[in-house]
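Step one of this worksheet: look at the structure below.
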Amino acid sequence: MSKKYDYDVIIIGAGISGLVCGCYLAKAGLKTLIIEKNAKSGGYCTSFNRGEFSFDFFAHSLGSCRVGGQVRSILSDLNLKKLVLLKRYNPSDTIIFPNGKISIWSDFKRTISDFQCKFPSESKNVKKFFKFINDIDLKAFASLRNKTFKELLDKYLFNEELKSIISLPVLGNGGLPASKISAVIGVSIYKEFILDGGYYPAGGMQSFPNALAERFLSSGGNFLFSNFVKKIKVDNKKAVGVLLKNKSFISSKYIISSCDAIQTFYRLIGRRFLSQSFIKKLDSLTPSTSFFILNLGFDTNFKHLLSPGCNTWYSRDYDFEKKYTIDKRNAKKCISWLMIRLMPDNKSALVFTAAPYVNPDYWRHNKHRIAEALLQELRHFIPDLPEHISFKSISTPLTLEKYTMNHEGAAYGWAALPSQVVLPFASGDILVKQFYLIGHWCSLGHGIPGVVRFARQVAKSIIINER
């Protein structure tokens with residue numbers, strides 16, 4: 006490292022992308038600092054305790070852990086297999102719909118069989134559809150770039166109820182219905198989260214970022230928790246360090262932001278370093294929706310009704326194309342779908358549905374009404390569940406925004422529209438030299454598999470530059 010700098014690399018944000026990138030850089034011998042505004046690492050992938058109950062904040066399972074999968078590769082590269090002990094729950098997902106339910110199994114053939122049994126007239130089409138997803142290559146992905154997931158479903162399937170059932174987990178994991186979400190992202194969700202899903206670390210989701218943090222430290226990296234980065238200092242169109250809220254300045258040869266893109270470019274870097282065309286493009290982009298979350302603790306267990314560790318998706322009708330987030334105007338029917346996951350301890354559960362940001366006053370005045378509406382939906386298939394709740398925690402889009410500083414509590418960075426799959430700032434050194442953006446605002450993938458893939462690429466690019 007040049008004596009000119011305090012660090013080789015400073016990473017802003019200790020979410021999964023920041024941690025993964027930091028681990029690779031520190032492992033390569035680069036002096037690396039991760040600065041995090043919260044007291045612990047993880048971002049959306051954190052857990053918390055309340056009395057006897059343990060909860061996951063938002064991220065609730067891992068995917069892409071097969072041989073060759075993105076998360077499996079990270080665990081192997083960074084020697085994390087002994088630190089992250091994974092159990093795969095089977096089924097990983099169950100979809101409950103008006104005429105029954107279908108499960109996603111770790112056995113690919115069994116999953117196909119389950120769908121074929123419910124929709125025998127679509128038997129051959131179901132097999133072709135899932136085989137396409139399972140075997141997809143880069144060329145096939147490229148052909149989907151301008152298509153929606155619905156267009157892909159329409160190509161293979163005819164039954165509208167079947168298409169709705171398949172699209173529900175995509176809506177839950179991507180925040181958009183099939184008619185709006187990119188086919189690239191829809192296929193990625195099925196390939197990486199659904200068909201290769203159900204993995205859960207011993208000790209909860211917090212175990213994953215904790216293991217990454219431990220590996221980062223053991224490789225020589227440094228953390229600065231509970232510190233807020235006020236500005237990225239730019240000198241002669243080159244990032245040279247960060248200014249903290251307490252006015253301390255730390256210099257670095259490279260700066261990486263794993264934060265919200267809007268915060269990064271407008272607050273940390275500043276508009277004066279951005280071209281008008283770039284600002285126009287950034288302003289034209291649409292952030293993803295946010296979520297409304299309940300963490301519930303029970304005085305009994307419901308394992309006879311819910312499979313522990315399984316994501317149970319529920320909708321009492323098939324039409325959630327138009328109404329796919331909470332309807333803020335209709336108090337009597339404001340929930341169109343939900344996901345409930347009974348935690349492995351059988352004593353607690355995570356429940357969520359997509360929700361618009363609206364405004365702070367709306368959520369302050371309506372969060373309890375929305376929570377009750379969500380519990381009423383749960384009654385449709387677990388009638389006595391609300392009577393056994395001994396603890397309830399409510400998280401609104403305001404909560405997500407406050408904890409992560411993601412714009413309006415956006416759950417997945419930019420909305421996964423076909424027009425936003427590839428973005429102009431998804432690689433480094435475009436506007437400001439020695440600066441990189443990583444994380445889910447890069448839209449080069451989706452969820453944890455997507456962010457770890459890109460974080461590793463950026464780290465390797467810097468390592469190559471420094472050789």
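For the sequence shown, position 103 (counting from the first letter as 1) is numbered 108 according to my numbering, and the numbering increases by one without interruption.
Ideal Cβ placement from N, Cα and C applies to all residues, glycine included.
This structure is a prediction, so every number in the text was calculated from the model and none was measured.
The alpha helix (DSSP H) enclosing Lys465, as first and last residue numbers: 452-471
N-terminal and C-terminal residue of the alpha helix (DSSP H) that Leu88 is part of: Careful: Leu88 lies outside any alpha helix (DSSP H) and carries neither H nor E.
Cβ neighbour criterion (16 or more within 10 Å) applied to Gly73: exposed
Between the CA atoms of Lys132 and Lys242 - distance to the nearest angstrom: 53 Å
Ordered list of beta strand (DSSP E) runs contained in the region 351-414, each at least 3 residues: 353-360, 394-400
Assigned exposure category for Pro365 - 16 Cβ within 10 Å defines buried: exposed
Length of the line joining the Cα atoms of Ile468 and Gln462: 10 Å
Segments assigned alpha helix (DSSP H), at least 4 residues, entirely inside the region 166-253: 188-194, 212-223
Runs of alpha helix (DSSP H) lying entirely within the region 254-336, each at least 4 residues, in chain order: 281-289
Exposed unless 16 or more other CB atoms sit within 10 angstroms - verdict on Phe163: exposed
Where Asp119 sits in the DSSP three-state scheme: helix
Whole-angstrom distance between Ile199 and Leu301, CA atom to CA atom: 24 Å
For Leu290 and Leu158, the rounded distance between their alpha carbons: 26 Å
Environment of Val234 [buried if 16+ CB atoms lie within 10 Å]: buried
Span separating the alpha-carbon of Arg277 from that of Tyr329: 38 Å
Contact under 9 Å by Cβ, Ala420 with Thr294: yes
Same chain, Cβ closer than 8 Å to Leu143, five either side skipped, listed in chain order: none
Whether Ala354 touches Thr401 by CB criterion (9 Å): no
Where the beta strand (DSSP E) through Asp61 begins and ends: 58-61
Rounded straight-line distance, which links the Cα of Glu165 to that of Ala188: 17 Å
CA-to-CA distance, Ser256 to Val14, given in whole angstroms: 9 Å
The region 312-332 contacting the region 29-41, beta-carbon criterion three pairs below 8 Å: no
Stretch pair the region 207-224 + the region 33-46: three plus CB contacts closer than 8 Å: yes
8 Å CB neighbourhood of Lys352 in its chain, flanking five on each side removed: Glu57, Phe58, Gly302, Phe303, Asn306
Backbone secondary structure at Ile40 - three-state DSSP: strand
Unbroken beta strand (DSSP E) run spanning Lys438, endpoints: Neither: Lys438 is in no beta strand (DSSP E) and is coded neither H nor E.
Inter-residue spacing [alpha-carbon to alpha-carbon] between Thr51 and Tyr417: 16 Å
Touch test, the region 378-395 against the region 336-350, Cβ-Cβ under 8 Å, three pairs minimum: yes
Secondary structure of Ser424, DSSP reduced to three states: helix
Span of the alpha helix (DSSP H), counted from its first residue to its last, around Leu67: First-last for Leu67: undefined, no H or E at that position.
Boundaries (first-last residue) of the alpha helix (DSSP H) holding Tyr161: 154-161
DSSP three-state assignment for Ala19, whether helix, strand or coil: coil
Whole-angstrom C-beta distance between Leu88 and Glu219, which should lie under 8 Å: 6 Å
Cβ neighbour criterion (16 or more within 10 Å) applied to Cys26: buried
Pair within 9 Å by beta-carbon distance, Ile453 and Val76: yes
Exposure label - Ser22; buried when at least 16 CB within 10 Å: buried
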